[in-house]
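> Chains as they are written, first to last, in the numbering used here: chain A, 34 to 308; chain B, 2 to 327. Note that beta-carbon positions come from the ideal geometry of N, C-alpha and C, so glycine has one too.
Okay, structure coming up:
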């Protein structure tokens, strides 16, 4: 896809995220919208080697959404990529759905492992990278974690382990929107300069505008091509609620569903952006 | 009936269940089973180091002192097709990493085996902070988790092989202290089966782990007093062999459950649940009574916490006296 097509894809995914959360009556729009462009770059920018027709394809790249509450973004991305019908998206969070409030790997094709309890995804990704190396598989392991999630101590256990194991095929992307449920991360319990911290733990750190999709494709592709000894951390500077004016940079939209009239306003804004 | 050790072997051989961990993993790796071990700075104590010593250093991952990471690294290794065993001590390997075991291993139904050592009071002088008495309760409550508590080295070896051969999460509980052997070296066990080690008609003693030898000793003492005790090894706490145990309860009409664990939530609770639903008879629980452990030698602590053969004898007499009263 070219830059315009990628922008349209991200715009479509954002609309679906808002429709499905409104329909569900609950969910996490803010952090879903902040990582939408990252997921678009991974799945539609030619970064991930994956196959919707064969979700368990040997040698594929693996993706783990550590910040599992952004499930709507992952579900919409996977549906658009062909893992399941987009019509199913509106079943989010309803009894009997495959699309649980947080991703369940036993139900959804393309979800490698269940997530939702923060702080665990980076460890799983590191273990998976060890396992792929042990069996001589080609794939890279990508994971998206939240900046608020980095307040979990386990993230730093994993950071230490991954650098020690020289997991050059592990790429951690931080959705750095600077907000968490209770407010600004610097006010709640400041994790400090995350790029500097990962660098201090021995990671190869890169920074990017997390809403510039071509730039994301470039930095992700470069991380994949690097194949050095250090695991790669990409700090993606993002805006929580990106794309919807009244949600942007508002911690209050972390875990709240829009009302139907708010959805109309949001969809109209996104439609205008697509033109 | 499973094959028991000869009386000579039982008298002479003492070996810790933890010694089975590294040795059996090495045996499995030698046979081409894709086992990996993930430990947290305790590879010598848990014996996972033996996997590396046997020429499989690439299959042993040391996370340092980081048990939460240990469990999720094992989860990741399993996603790449490995049969992943975690180590550490039971108190840290379950309690400190409970959320990782629940939300990643069990919720995703991954091929991870939680196999810590130093469970219960077998860790002795280290004291209450290290004596894990609630692990079976924690693990038994998790959907999809199987819980195995082997009695001796041979049973631990069999349990580890079973865990490796069974897809999905399995908990194998091992101890630090050397204990006499109960089973023949080549014993094979099945998940979900309980084994009648000694037949009797007056009372059923259900036990597992180190309490098997206490139960057998109690049965000898009771026989001298004319009480015929049936001794059952419920090494598979979950799934529990309800059929074998309920059949025994129906015959003897009372039971004692003995475990090196809290009386809350472990085998004692499991047998009470079974009795209530399948065969309501009096059940006495022998275990640590809702308290933390204490420093002391393992053998001393068995008596101190009233979980030795003498305590089982007392509990049997109480259970027998309550027959027909409920």
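Can you name the residues that DSSP bridges to residue 144(B)?
Paired residue(s): none; residue 144(B) is not in a bridge.
> For residue 73(A) and residue 149(A), what's the separation of their Cα atoms in angstroms?
If I take the Cα positions, the gap works out to 21 Å.
> Look up residue 285(B) in the DSSP assignment and give the residues it is bridged to.
Answer is 257(B).
> So what does residue 179(A) bridge to, in DSSP terms?
Note: residue 179(A) sits in a beta bridge opposite 208(A).
> Quick one: list the residues of chain B neighbouring residue 165(A), beta-carbon separation under 7 Å, in chain order.
Neighbours of residue 165(A) on chain B, chain order: 81.
> Considering only their Cβ atoms, is the gap separating residue 204(A) from residue 175(A) smaller than 9 Å?
Contact: yes.
> Pull up the DSSP beta-bridge partners for residue 239(B), would you.
Answer is 148(B), bridged to residue 239(B).
> My guess is that residue 300(A) and residue 276(A) are in contact by the Cβ rule of under 8 Å, so how many angstroms apart are they, rounded?
Residue 300(A) to residue 276(A), Cβ: 11 Å. No contact.
> Rounded to whole angstroms, what is the Cα-Cα separation between residue 175(B) and residue 282(B)?
So the two alpha carbons sit approximately 31 Å from each other.
> When the Cβ atoms of the stretch 63-71 of chain B are set against those of the stretch 36-43 of chain B, are three or more pairs found closer than 8 Å?
Segments in contact, yes.
> State yes or no: is the beta carbon of residue 148(A) nearer than 9 Å to at least one beta carbon in chain B?
It does; some Cβ of chain B falls within 9 Å.
> For a test of the three-state rule: what should DSSP assign to residue 263(B), helix, strand or coil?
Note: residue 263(B) maps to strand in three-state DSSP.
> Output, in chain order, the set of chain B residues within a Cβ distance shorter than 7 Å of residue 191(A).
Chain B residues near residue 191(A): 70.
> Using a Cβ-Cβ cut-off of 9 Å, state whether residue 145(A) counts as contacting chain B.
So yes, residue 145(A) belongs to the interface.
> Just the C-alpha distance for residue 400(B) and residue 277(B), rounded to the nearest angstrom, thanks.
Given a span of 2 to 327 for chain B in the structure shown, any question on residue 400(B) remains unanswerable.
> Give me the chain B residues within the contact set of residue 187(A), using Cβ-Cβ distance strictly less than 7 Å, ordered along the chain.
Per Cβ cutoff of 7 Å: 69 and 70.
> Taking CB distances under 9 Å as the criterion, tell me whether residue 170(A) reaches chain B.
Answer yes: the Cβ-Cβ gap between residue 170(A) and chain B drops below 9 Å somewhere.
> Less than 8 Å between the CB atoms is what I'm expecting for residue 149(B) and residue 166(B), so what's the real figure, rounded?
Not quite, the Cβ-Cβ distance comes to about 12 Å (not below 8 Å), so this is no contact.
> Classify residue 21(A) as buried or exposed, calling it buried when 16 or more other Cβ atoms lie within 10 Å of its own Cβ.
Residue 21(A) falls outside the range modelled here, since chain A spans only 34 to 308, and no answer is possible.
> Give me the DSSP bridge partner(s) of residue 63(B).
Partner(s): 40(B).
> Verify whether the separation of the beta carbon atoms of residue 279(B) and residue 243(B) is less than 9 Å.
Against a cut-off of 9 Å, the Cβ pair of residue 243(B) and residue 279(B) comes out as a contact.
> Which residues share a DSSP beta bridge with residue 96(A)?
Beta-bridge pairing links residue 96(A) to 175(A).
> Looking at the structure shown, is residue 203(A) part of a helix, part of a strand, or coil, going by DSSP?
Three-state result, residue 203(A): strand.
> Are the beta-carbon atoms belonging to residue 177(A) and residue 100(A) less than 9 Å from one another?
Taking 9 Å as the Cβ cut-off, residue 177(A) and residue 100(A) qualify as a contacting pair.
> Excluding five sequence neighbours on each side, which residues of the same chain lie with their C-beta closer than 6 Å to the C-beta of residue 57(A)?
Counting only Cβ-Cβ distances below 6 Å, and skipping sequence neighbours, we find 125 and 126.
> If we call anything under 9 Å between Cβ atoms a contact, is residue 46(B) one with residue 118(B)?
The answer is yes: Cβ separation under 9 Å.
> Got a sec: is the Cβ-Cβ distance from residue 134(A) to anything in chain B below 9 Å?
Residue 134(A) does not count as touching chain B.
> What did DSSP end up calling residue 290(B) once you bin it into helix, strand or coil?
Three-state result, residue 290(B): coil.
> Kindly indicate the opening and closing residues of the beta strand (DSSP E) around residue 239(A).
From DSSP, the beta strand (DSSP E) with residue 239(A) extends over 237-242.
> If residue 159(A) sits next to residue 195(A), beta carbons under 8 Å apart, how far is it from one beta carbon to the other, in whole angstroms?
Yes, residue 159(A) and residue 195(A) are in contact; Cβ-Cβ is about 4 Å, under 8 Å.
> For the candidate residues 49(B), 199(B) and 48(B), whose alpha-carbon lies nearest to that of residue 5(B)?
Minimum Cα distance to residue 5(B) is reached at 199(B).
> Under 8 Å between beta-carbons, which chain B residues line up against residue 161(A)? List them in chain order, please.
Under the 8 Å cutoff, chain B gives 77, 78, 80 and 81.
> Grab the span of the beta strand (DSSP E) containing residue 86(B) for me, first residue to last.
Note, residue 86(B): beta strand (DSSP E), 84-87.
> Can you pull the DSSP bridge partners for residue 5(B)?
Residue 5(B) is bridged to 184(B).
> Do residue 173(A) and residue 95(A) have their C-beta atoms within less than 9 Å of each other?
Yes; because the gap between Cβ atoms is below 9 Å, this pair is in contact.
> I'd like to know whether the C-beta of residue 282(A) is nearer than 9 Å to at least one C-beta of chain B.
Chain B contact via Cβ: absent.
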